[in-house]
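Add 143 to a position in the sequence shown, counting from 1, and you land on the number used in the numbering used here. Even for Gly, the Cβ is constructed at its ideal location relative to N, Cα and C.
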Amino acid sequence: MIYLEPLTIVKQPKSELGKDNAMIAPHKGITLSCKATSLPPPQYLWYHNNVELENETNGDLNIVVTSTTQEGEYKCQVMQRDRDGYLMRQLFSDTFYLKIKPLPVVIIEQPREYIEVKEGGTLILTCKAIGHPEPRYQWFRDNILLNGQDSIELRINDFSVQDEDVYRCYIVNEISSLYSNSTTVKMEQTRCKAVAKVALLIANSDYTNFDPVKKAKNDAALIARLLEDIGFNVICLSNLTVNQMRNAINIFCKLLSEGVYGLFYFAGHGFNMQDNYMLAVDSPKKYLRTDAICDSQLLAMAHLETDPTLLVVILDMCLIVPSRDDNPEIHKEIPIIYEYKSKKNRRNLIRAYSTSRHCPSYERKANDFGLYVTHLSKYIKSTVPVTKMFKQVQISLEKTLKGRERDQIPQLTSIVVKPYRLTDMINEGYSSTAIKSLSTLITFPTRTILQTFTRLGVECKITVGSFELPYLNIVRIAVAHVNNYEVSFRNRFPTDPNNLYSFPGKNECILYNPQTSKGRVIISICRNGNELETIEFNMNDYIPCLLHELEQACGV
């Protein structure tokens, strides 16, 4: 074969830049070019650090930096082959050096915040980071360097109680350094079991004399659903008077006994005066402590009478001291002192507050939930001990507070020593009489009743059920099959404040705390706004039994 033109490189990769190296930032690109002349025409093949680059077989090499491994030497091999593909001659271009701009350390995988390890097992913690130059790792135990633990993974074999501690990783390169989150490591203990798990949640949102707490109902409903997911029997109530609150707490405390996990949650208005007080929806404008319920009162009832294995109290409310100018009488009031002590179990109480004494608790207009519940809901189903769970909530909330929200400082007090978890299993073999009766108290199936308006000859269906789960005291009554008639509703005995709201054109009404209506609702068939026939509908047989107990006289 006669070669009309020898193989010659006429353009080197450095030609356009005028130098044989470049520094490129991540996600930026560069094109290296190599051009040769020959007959037959030349063929190209690119190399990175002497490794052939697959499918890079033309004179231009486009590089987009997506990994620090792309740093290094690049060169192009040009080849001249005969018509049979036999290599006759080859040349290599000059080497081009690609450098990647330094990157600070960024942690992409944090070690877990809490972990339990079986005795004799292996502790494994992982921390991964990116950066350029490549990050280096060093693990610490309680700020003491661990020799030989200098990789992504910390591994301790044959774990014992002496290995319990707080661990974290230090990651560094020539640009920056970071510490990972700390991990609390404990010896795995036998998991506790509950005889039963019960919760009372009260959301007071619509006050007679105060601004509404707009997120309270959403907050309590979300926590109720999450508690149900982990096996709690939940009583969830909305907008209670002080008498109703006391009765609800009485009912709740009767369910608590040895072996039972109890959880109480309140969302609404509150204040602090030596103790933390929850305000009912009927609280007067110039309230006294006797118009409210304090957490000491709740604890006295729960401990002296029942002695549960675990009691968690969550108060999601402001703890501001009432103004002496606006409410001078409360500052003159002599408070009632409530004593609480356990008969047997003295290490069973956890109290969590959405804020600290003299501090506010906030909601954001754009959010569906209050700040505290936004973070509580992330962790309440976690398998860590309860005290650790609430600390996680505090840390999570603290990271998001802005401006005056930083005045909200969550608080936690605990005298619990055992690793109780809200997710602990239930021992199905044991149960108290009170717990067995709970389902009867809170059962609220949707019921449909046939009803005839005899004079008009209209046979309709009246459906009674919950309007807003999981709330037991918000009831919907709907009437169907009334032909072309309209339906109106009113209480047989007027309530103050009004608790019945109807929706024009929908033939249904909503009752809040229906037990205050004494079970009697007047349902009317109308046309053009004129009543044609009425019936008196008795709801007592269709609402939860618990609601009747809320109206009893209470001397607590």
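Which same chain residues end up closer than 7 angstroms to V377 when comparing Cβ atoms and leaving out the 5 residues on each side of it in sequence? A342, L344, A367, L370, E371 and P613
Could you pull the DSSP bridge partners for Q594 from this structure? DSSP, once it has assigned bridges, lists C603 as partnering Q594.
Cα separation between R663 and K397? 29 angstroms
Do S400 and I578 have their C-beta atoms closer together than 9 angstroms? yes
State the start and end residues of the unbroken beta strand (DSSP E) segment that holds S320. S320 to Y322
Leaving aside the five residues before and after I243 along the sequence, list all residues of the same chain whose C-beta is less than 8 angstroms from its C-beta, in chain order. M166, I167, A168, P169, V208, T211, Q213, E214 and H275
Going by DSSP, what residue range makes up the beta strand (DSSP E) through R663? R663 to R670
Here's a check: name, in chain order, each residue in its chain whose Cβ is nearer than 8 angstroms to the Cβ of K524, leaving out the five neighbours to either side. L369, D372, I373, L565 and T566
Would you report the Cα separation of L693 and I392, rounded to the nearest angstrom? 10 angstroms
If we count Cβ pairs, one from each stretch, closer than 8 angstroms, do we get three or more for the segment 212-231 versus the segment 177-186? Yes: the two stretches touch, three or more of their Cβ pairs being nearer than 8 angstroms.
Which term fits M568, buried or exposed, when burial requires 16 or more other beta carbons within 10 angstroms of its beta carbon? Residue environment for M568: exposed (fewer than 16 other C-beta atoms within 10 angstroms of its C-beta).
Excluding the 5 residues preceding and the 5 following V153 in the sequence, name in chain order all residues of the same chain whose CB lies nearer than 7 angstroms to its CB. K178, A179 and T180
The alpha helix (DSSP H) with V304 in it runs from where to where? Note, V304: premise wrong, no alpha helix (DSSP H); not H, not E.
Please determine, among D550, P503, N361 and V464, the residue with the shortest C-alpha to C-alpha distance to L431. V464
For Q658, count neighbouring C-beta atoms within 10 Å of its own C-beta (all shown protein chains included) and say buried if the count is 16 or more, exposed if not. buried
L370, DSSP secondary structure in three states: helix
Per DSSP, what kind of secondary structure is C688 in: helix, strand or coil? helix
Who are L540's beta bridge partners in DSSP? Looking at the DSSP assignment, L540 forms no beta bridge with any residue, so it has no partner.
K508 versus E331 - alpha carbon distance: 42 angstroms
On the CB-based measure, 16 or more other CB atoms within 10 Å of its CB, does Q305 come out buried or exposed? exposed
Starting from V309, follow the beta strand (DSSP E) in both directions and report where the run begins and ends. D308 to V315 is the extent of the beta strand (DSSP E) around V309.
Does DSSP put G546 in a helix, in a strand, or in coil? helix
Alpha carbon to alpha carbon, how far is S294 from Y190? Give it in angstroms, no decimals. 31 angstroms
Per DSSP, what are the beta-bridge partners of F409 in this structure? I345 and L458
If I measure Cβ to Cβ from N642 and keep anything under 8 angstroms in the same chain, skipping five residues before and after, which residues do I get? N634, L654, Y655, N656, P657, T659 and S660
Between V527 and Y404, what straight-line distance do the alpha-carbon atoms span, to the nearest angstrom? 16 angstroms
Compare the C-alpha of G263 against each of S303, K271 and I273 and name the closest. S303
Inter-stretch contact (C-beta, 8 angstroms, three-pair minimum) for the segment 344-353 and the segment 538-558: no
How is the alpha helix (DSSP H) around D211 delimited, first residue to last? The sequence shown places Thr at residue 211, not Asp. No alpha helix (DSSP H) contains T211, which DSSP labels as neither H nor E.
Could you have a look at K516 and say whether DSSP puts it in helix, strand or coil? A small correction: the amino acid at residue 516 is Val; Lys does not occupy that position in the sequence shown. DSSP places V516 in helix when its eight states are reduced to three.
Helix or strand or just coil, what does DSSP make of H474? helix
In angstroms with no decimal places, state the Cα-to-Cα distance between R494 and C502. 17 angstroms
P247 by DSSP, collapsed to three states: which one? strand
Quick one: grab the DSSP three-state call for R494. strand
On the three-pair Cβ rule with 8 angstroms, is the segment 414-422 touching the segment 577-596? no
Beta-carbon separation of Y483 and L442 under 9 angstroms? yes
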